[in-house]
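S.K.: Residue numbers for the sequence shown, in mature numbering (1 follows the signal peptide of the UniProt record, and there is no 0): -20 to -1, 1 to 275. Got a structure here, written out as structure tokens. Questions coming.
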Amino acid sequence: MKLKLLAIISSIILSASAFASLEETKVLKIISYNVYNGMKLDESEGKQKFIDWAKIQDADIIAWQEMNFFTREKLETFAASYGHKYAVLLKESPDDAAFFPVAITSKYPIVNVNKVVDNLWHGALFADIGDYHFVVTHMNPFWTAKRIDEMNLIIDSIKYSRDPNGKWIIAGDLNSFSPADKEAYDKSHLLNDIKEKEKNRPILENLVNGKLSYTVQQNLLDAGFIDALKLKNREFIATAPTKVFYDQASTPLRYDYIYVSPSLEKDVIDVMVLKDEFTDNYSDHYPVQMKINNK
């Protein structure tokens, strides 16, 4: 009942704000969310439970991962239901449960879209909203070496773009570890968990010389990008597991990130991992939310 009431209130707010332009918006709310295999835990028609949650959040932009079974038309209808008139899906294969496309939806026009699938496991969606450049991705879950190659491709794509020093936002499930979390991982059972996983599944090569690797995100940091959550929170905050089954590790970890370029560092207002009754139960990952001053 409480969730429905909040959804109604949010709908009223959405209606009032639907006509605001990007230039008139003082603060942008951006969410990145891995929704677990096409939102399969929401069995309602049209994923109404996710829609109700998104209405309550009233984000300006949402970067989605694991949008299995969505088509362009389904995504556009889904996004419109929570007030986002614009939506882009990286790729579609309605019958493939292992396709794992990413997507981005927005209150404001999404332009200059570049869908990159070559040399990337799940792909990366490059798109502009105003003068913000977004990269939405979901990195290789099996091999650290491949993730390093994928991240280097993304870094170079930005480096050699027309606006390398612009307002860049990289969001998604990076399936890798931040060096900022090393102290927390050293105190946990994560290394042993991964060793056990690799023993049982020889395809996995996520350790390097028997140790956790931080190279993927160290390369991103070395390129000047800023881990937005750590910018505002010194403590370790896990994005998985949630309260539903999670098959990657039995100890808390952080796989979900929003990175920003140096030009946005001073504009970041707040960053948090959204943990509530809904996100506890409808995916294996928690979403990350960032608010920035829109200048």
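Backbone N, C-alpha and C define an ideal beta-carbon position, used for all residues, glycine too. Model, not experiment: these values are computed from the prediction.
Compute the Euclidean distance between the alpha carbons of Ala59 and Thr259, then round it to the nearest angstrom.
M.R.: By 1-based counting over the sequence shown, the position of residue 59 is 79. By 1-based counting over the sequence shown, the position of residue 259 is 279. About 18 Å.
S.K.: Here's a check: name, in chain order, each residue in its chain whose Cβ is nearer than 7 Å to the Cβ of Pro74, leaving out the five neighbours to either side.
M.R.: The residue given as residue 74 occupies position 94 in the sequence shown. So the qualifying residues of the chain are Phe49, Thr51.
S.K.: Please look up how many angstroms separate the CB atoms of Lys271 and Leu8, rounded, as I've assumed it's under 8 Å.
M.R.: Stepping through the sequence shown from its first residue, residue 271 is reached at position 291. Stepping through the sequence shown from its first residue, residue 8 is reached at position 28. Right, the Cβ-Cβ distance comes to about 7 Å (below 8 Å), so this counts as a contact.
S.K.: Considering just the uninterrupted stretch of the beta strand (DSSP E) at Glu133, what are its terminal residues?
M.R.: As a working note, residue 133 is residue 153 in the sequence shown. With the sequence shown as reference, residue 133 is identified as Leu, and Glu is not the correct amino acid for it. Element bounds for Leu133: not the beta strand (DSSP E) but the alpha helix (DSSP H), 124 to 139.
S.K.: Pull up the distance between the alpha-carbon of Asn189 and that of Leu200, whole angstroms please.
M.R.: Here residue 189 is taken as the residue at index 209 of the sequence shown, counted from 1. Here residue 200 is taken as the residue at index 220 of the sequence shown, counted from 1. Those two C-alpha atoms are separated by around 21 Å.
S.K.: Take the Cβ of Asn14 as the centre, count every other Cβ of all protein chains shown within 10 Å, and call the residue buried at 16 or more, exposed below.
M.R.: Along the sequence shown, read from residue 1 onward, the residue named residue 14 stands at position 34. Label assigned to Asn14: buried.
S.K.: Could you spell out the range, first to last residue, of the beta strand (DSSP E) harbouring Phe106?
M.R.: Looking up residue 106 in the sequence shown gives position 126. Element bounds for Phe106: 104 to 109.
S.K.: So, at 8 Å on beta carbons, what are the nonlocal neighbours of residue 276 in its own chain, with the 5 sequence-adjacent residues on each side left out?
M.R.: Shown here, the chain extends from -20 to 275; a query on residue 276 therefore has no answer.
S.K.: By the three-class DSSP mapping on this structure, what secondary structure does Lys210 have?
M.R.: Locating residue 210 in the sequence shown gives position 230, counting from the first residue. If DSSP states are grouped into helix, strand and coil, Lys210 belongs with the helices.
S.K.: Which complete beta strand (DSSP E) runs does the region 36 to 105 hold, if anything under 3 residues is left out?
M.R.: List check, beta strand (DSSP E) in window: 41 to 45, 66 to 69, 83 to 86, 91 to 96.
S.K.: May I ask which residues mark the beginning and end of the alpha helix (DSSP H) holding Tyr165?
M.R.: For this step, residue 165 is matched to residue 185 along the sequence shown. Tyr165 -> alpha helix (DSSP H) spans 162 to 166.
S.K.: Specify the secondary structure class of Phe205 as computed by DSSP and reduced to three states.
M.R.: Here residue 205 is taken as the residue at index 225 of the sequence shown, counted from 1. In the structure shown, Phe205 sits in coil (DSSP, three-state: anything other than H, G, I, E or B).
S.K.: Use the C-beta contact count for Ile249: other C-beta atoms within 10 angstroms, 16 or more gives buried, fewer gives exposed.
M.R.: Against the sequence shown, residue 249 aligns to sequence position 269. Under this definition Ile249 is an exposed residue.
S.K.: Cutting at 7 Å between CB atoms, please list the residues of its own chain near Ser(-4), excluding the five before and the five after it.
M.R.: Residue -4 sits at position 17 when you count from the first residue of the sequence shown. Confidence in Ser(-4) is poor, its pLDDT being 47 and thus under 50, which makes the residue's placement too unreliable to answer from.
S.K.: Helix, strand or coil, according to DSSP, for Ser(-6) in the structure here?
M.R.: For the purposes of this step, residue -6 is identified with residue 15 of the sequence shown, where counting begins at 1. Because Ser(-6) carries a pLDDT of 47, less than 50, the predicted location of this residue cannot be relied on, and no value is offered for it.
S.K.: Need the endpoints of the beta strand (DSSP E) that Leu184 sits in, please.
M.R.: Mapped onto the sequence shown, residue 184 falls at position 204. No beta strand (DSSP E) holds Leu184; DSSP gives it neither H nor E.
S.K.: Alpha carbon to alpha carbon, how far is Arg181 from Asn155?
M.R.: Position 201 of the sequence shown, counted from the start, is the residue given in the question as residue 181. Position 175 of the sequence shown, counted from the start, is the residue given in the question as residue 155. Arg181 and Asn155: Cα-Cα distance of roughly 17 Å.
S.K.: Specify the secondary structure class of Val196 as computed by DSSP and reduced to three states.
M.R.: As a working note, residue 196 is residue 216 in the sequence shown. Three-state result, Val196: helix.
S.K.: Got a sec: does the ligand SAM put a non-hydrogen atom nearer than 8 Å to the Cβ of Met270?
M.R.: The ligand SAM is not part of the structure shown, which contains no ligands of any sort.
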